[in-house]
Amino acid sequence: MNWGEQIVLGLLLGGVYVAVGLGFSLVWGVLNIVNLAYGAMVMVGGYLTWLLFVHGGIDPFVGLPIDVVVLFGIGYALQYVVINRVVRAPFLYTFLITFGLDLIIVNALLLVFKPDFRSVTTWYSGAAFAVGPVLVPYIRLWSLLAAWALAAVMWWILNRTRTGDAIQAVGADRDAAQLVGISLRRTYALTFGLGAACAGVAGALIATFQAITPTAGEPYTLQAFVVVILGGLGRVSATVVGGMMFGLVEVLAQSAPHLGAGYQNAIAFGVLVLVLLLRPQGLLGRTL
Amino acid sequence: MAVETEPDEGHVAAVAVRTPAGARRERVLVVALTVALAALVVVPLLSTDQAQSAGLPEVVDRYAFRVATIVAMFVVISAAWNLIGGLAGYPAFGNVVYFGIGAYAVAVLVTRYHWSFAGGLVGAVIVPAAFAGLIGIPLLRLRGHYFAVASLGVAVAVGEVINNLDYFGGASGIFMPIVRSDLLFYYLMLGAALLAVAITWVVLRSRFGYGLIAIREDESAAAVMGVNTTLYKIAAYALSAALTGLAGGIYAQWNVFVNQDVAFNIDVSIDSILMALLGGIGTIWGPVLGAVVLEFLIQTFAGRGDLAVVTQIGLGLLLTVAVIFLPRGVVDFFGGRSSLGLTYVKRTLRESGV
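Chains U and C are the protein sequences, given in the same order.
According to our numbering, the first sequence holds residues 1 to 288 in order.
According to our numbering, the second sequence holds residues 1001 to 1354 in order.
Here you go:
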């Protein structure tokens, strides 16, 4: 067992979890919605990347802006037309409605793309460089950098633009935000759209190293949840730390004796329970 | 502490007010239920070989009462969920874990320890209840989203662990000796469904039930008023687990085979919640009505290949529409206490939308 290699692999995987966690955290923190369709939206991003690559010859990293724009549009429309209708209902209802959306999206993908495995194999997919004894695949490193770039952009939008101010205001106090003239419908739709855009980026990154199927997004919903709990709700920096930590934990736990890939969800859940019991506000979270 | 006198319409129909009209309605209800129950018990008997050879009319074919068995199973699971999710307001999304534990309890007890099926069923009630009592201690300290996802996580994790342990047959599952009698399983499920409804009825009229509703409406206030919230929540969760486990145990022997996919299918959890939601959360008859309606829809439109996929999309649309327009379920919609139709839908939208 090479610990150095495991740690590097864990950090690289962590990048993907950062991308996965960002959108989930934003929507949860501002709209108080746990989006069960998040994994399905990740796969929409994955399939879009695959379509662009196979039929348009567009590199998955070059195509990222297209993913962002399309997924933002889908998210904006979903929130504006559907979820805004129940956003003030008890959370069981928003939970169920996003599950309904999940069913619709996953099965629509099944109908269109069939359950076959699809993969995006670029000319540099197999290439790697060596850092001492550790081999680092280029594609994983670029995924990590892309995820950090996404985190930086999200931080900038939320903390340095008027749109971000509006989103934060709505998250802090819905009624007060409305009093100062912020449109709830529009801001909610914007927030959900941004969350969907993050899911799109995550999907694109995942498609570069994992074969995708319509149902392959499911685990990412639970993992996004764990990442957000681990880091703490409501801050970009917390999600970055949570994502990197979770990547590390998962890789290290899977290489432990007697445990294998078969325990992926059990590990995620174990981490979740430990954090909830020991430090419910997350590693970097504000006190609840 | 002032007691809220205005009934919280739609959430609970806990106590029927004893007006003459109410008493009349209750009598009609009792007669209708007795007739329905008698039909449920007698009609399948007409389909047996003996009855058929005696020249009696076959009212339903065997396929139909296999479907009826499934409906009864979902009545049990949905009513069981209603105890913790509807009454106590703790949205358990992973109750299928108790279905799975119940199923595996029967499978393991019958095949490894050569217990009788009846003995296995006792295990299918006790083991899930004990597990819920233990895991409930940390789990029920969480609320809202946290509880929902943590309970979902328990289901996924337990299913995965069982799938990886040789003791439970690993990924290849466990085969049980065949018990060839669809009629037996129909009556067992029907009995379990009646038990679940009866338990809901009793709970809704008891101190325990009022305590759970108090927890749902405001947990801190309930604690202040002297409700032992921890004990009540864990008891409700264990009761819910016991009933769900019973359904799982009966199903395991009926199906003859258990593995992770059969016993820990998350769709079972989601379908049962959807049923309670469609029928009316927190009511006695909501889960029953929801189970009958939804399972009928699923069976009618079930198919293979693309058709099955389209059915799932339809289910998703139904769920979305139901949450938006009928969040309190059909029992409330047709309950007579609220204005029907467009006004009702408009009010719902005004209350929960932006």
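C-beta atoms are modelled at their ideal positions from N, C-alpha and C, and glycine is treated no differently.
In this structure, U:G15 and U:S143 form a Cβ contact; the two beta carbons are roughly 5 Å apart against a cut-off of 8 Å. Straight through space, the alpha carbons of U:I7 and U:R140 are spaced by roughly 13 Å. For the region 204-237 of chain U, the set of residues with a beta-carbon nearer than 7 Å to any beta-carbon of chain C comprises L222, F225, in chain order.
U:P65 and U:M43 have their C-alpha atoms some 16 Å from each other.
A Cβ-Cβ separation of about 7 Å places C:A1236 in contact with C:L1087 under the 8 Å criterion.
The residue from U:T239, U:N35, U:P219, U:L184 with its alpha-carbon nearest to that of U:I97 is U:N35. Legend: CB atoms of the region 84-111 of chain U lying less than 7 Å from CB atoms of chain C belong to residues N84, R85, V86, V87, R88, A89, F91, L92, Y93, F95, L96, I97, F99, G100, L101, L103, I104, N107, A108, L110, L111. Taking the beta carbon of C:P1091 as reference, the chain U residues within 8 Å of it are F91, L92, F95, listed in sequence order. In the three-state DSSP reduction, C:L1087 falls in the helix class (H, G or I). Among the residues of the region 185-196 of chain U, those with a Cβ less than 7 Å away from any Cβ of chain C are R185, Y188, in the order of the chain. Here DSSP, grouped into helix, strand and coil, assigns C:V1110 to helix. One thing to note: U:V134 has its Cβ no nearer than 8 Å to the Cβ of U:G232. Taking 8 Å as the Cβ-Cβ cut-off, the region 1294-1313 of chain C approaches chain U at D1306, V1309, V1310, Q1312, I1313, given in chain order.
Taking 9 Å as the upper bound on Cβ-Cβ separation, chain U lies near residues A1148, V1149, A1150, L1152, G1153, V1154, V1156, A1157, V1158, G1159, E1160, V1161, N1163, N1164, A1171 of the region 1147-1176 of chain C. Within the same chain, and ignoring the five residues on either side of C:L1188 in sequence, the residues whose Cβ sits closer than 6 Å to its Cβ are I1250.
Each residue's CA atom was taken as its position, placing U:Y220 and U:V20 some 7 Å apart. For U:R88, the secondary structure class from DSSP, reduced to helix, strand or coil, is coil.
Rounded to the nearest angstrom, the gap between the Cα atoms of C:A1080 and C:R1066 is 21 Å. Within the same chain, Cβ atoms closer than 6 Å to the Cβ of C:A1193 are found at A1072, V1075, V1076, the five residues on either side in sequence being excluded.
Fully enclosed beta strand (DSSP E) runs of no fewer than 3 residues are not present anywhere in the region 48-116 of chain U. With its beta carbon less than 8 Å from one in chain U, C:S1352 belongs to the interface. In this chain, the alpha helix (DSSP H) harbouring U:V236 covers 236-254.
Taken atom to atom, the span from the alpha-carbon of C:R1141 to that of U:V249 is near 25 Å. Proximity of C:G1120 to chain U, defined by a Cβ-Cβ separation below 8 Å, is not satisfied.
Excluding the 5 residues flanking it on each side, U:V241 has same chain C-beta neighbours closer than 7 Å at G231, L283, L284, in chain order. Two segments are said to touch when three or more pairs of C-beta atoms, one from each, lie closer than 8 Å; by this definition the region 93-108 of chain U does not touch the region 189-201 of chain U. Against chain C, the CB of U:G262 has a partner CB under 8 Å away; the residue lies at that interface.
Taking a contact as a CB-CB distance under 8 Å, the pair U:V62 and U:Y188 does not count as one, their CB atoms being some 31 Å apart. C:V1028 is bridged by DSSP to nothing; it lacks a bridge partner. DSSP places U:V131 in the strand class (E or B) of the three-state scheme. Between C:G1279 and C:V1125, the beta carbon gap of about 24 Å keeps them out of contact (Cβ cut-off 8 Å). Burial state of U:D67 is buried, judged by a 10 Å Cβ sphere holding 16 or more other Cβ atoms. If you compare the alpha carbons of C:R1207, C:Y1167, C:Y1104, C:R1025 with that of C:G1123, the shortest gap goes to C:Y1104.
Under the DSSP assignment, U:R185 falls in the alpha helix (DSSP H) whose first and last residues are 184-209. Look at U:I139 here: in three-state DSSP terms it is helix.
Among the bridge pairs identified by DSSP, C:R1216 is matched with none.
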